[in-house]
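Trainee:
Residue numbers (the UniProt record's numbering): 1 to 112.
Here you go:
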C-alpha cells in the first residue's frame, strides 16, 4: 500500500502548476526571467500563508486557534461558576447546620 501523503504536500502540489507533468508541455512554455519566477513564487507563498503581516499563519489555522481559545475560555468560566456555586452551597449548608445546633441548644436550656 502506498504511503499516505500529508495534506500540506498534497495542497502544495495542487496549487503549484509546475508539479503537473501531464497537463503541461515544456516546448509550449515561454521562458521566464529569474525576476518573474521569483515574483511568482513569492506571490504563491503569500497566497498560501495569508497576509504577510500575520507572520505566516494561515487564516484557517488562525480561526481554529481562535475557536479553541474561545472554547477553553468558556470551559474555564463554566468551571469557575460551578466552583463558586459549590462554595455557596457549602456556606448555606454550614449556616443551616449551625442554626439547627443553636435551636437544639436553646431547647436544652429551656428544658432545664
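Beta carbons are placed, not taken as given, at the ideal position from N, Cα and C, and that holds for glycine.
Distance, Cα to Cα, residue 86 vs residue 92?
Mentor: So the two alpha carbons sit approximately 10 Å from each other.
Trainee: Return helix, strand or coil for residue 63, following the three-state DSSP convention.
Mentor: helix
Trainee: Taking C-alpha atoms, which residue in 66, 48 and 69 lies nearest to residue 9?
Mentor: The candidate whose alpha carbon is nearest that of residue 9 is 48.
Trainee: Please report how far the alpha carbon of residue 59 lies from the alpha carbon of residue 78, in whole angstroms.
Mentor: 28 Å
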